[in-house]
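Under the working numbering, the first residue of the sequence shown is numbered 1, with each subsequent residue one higher.
The beta-carbon is built from N, C-alpha and C at its ideal position, and this holds for glycine as well.
What follows is one structure encoded as structure tokens, with my remarks underneath.
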Amino acid sequence: MERRSNNNQGTKAELAELKAYLIGLKLDIRTRLPEDLTPREEKLVNGYIRAQLRVARGSKKRARRIFESLDQQPDFVKFEMSNQPLFAAIDIAVRGATNRKDRNDDPVKPLFIIEKSD
């Protein structure tokens, strides 16, 4: 008979590994942010990164709360729309894909690409 504690330990180890990877990814993304961002814009971007990382960890409810909070910020939507390549890069870095399209319905070219090491 299989012991539950072994399953839980495996799950905990996998979760710890995922968390470590996502923390490293967050730091890597932050080093690639444009230098001309205002402190307010940095805060908005960091919130977006946090939400995307929550999605990646499977915490969709928490991610939704962060996204809703960002959407309520009067300057977020305008900032997001004017910085599509940055947000596309974050999407790809965290989730591996982006759904962002430009005005011509072409895929948005990301500002940067983070190569994943296996």
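Extent of the continuous alpha helix (DSSP H) to which residue i belongs
| i | result |
| --- | --- |
| R103 | Per DSSP, R103 belongs to no alpha helix (DSSP H) and is neither H nor E. |
| R147 | Shown here, the chain extends from 1 to 118; a query on residue 147 therefore has no answer. |
| D71 | 60-72 |
| P39 | 39-57 |
CB of residue i within 8 Å of CB of residue j, strictly
| i | j | result |
| --- | --- | --- |
| V108 | Q84 | yes |
| I66 | I92 | no |
| V94 | L37 | no |
| I23 | I49 | no |
Where residue i falls, given that 16 or more other Cβ within 10 Å makes a residue buried
| i | result |
| --- | --- |
| S5 | Legend: pLDDT at S5 = 43, less than 50; position of this residue unreliable, no value from coordinates given. |
| T98 | buried |
Nearest to residue i (by Cα), restricted to the options the options
| i | options | result |
| --- | --- | --- |
| F79 | G58, D28, E42 | E42 |
| I29 | E17, T38, Q52, A13 | Q52 |
| K19 | A89, G47, G58 | G58 |
| Q72 | L44, Y21, L27 | L44 |
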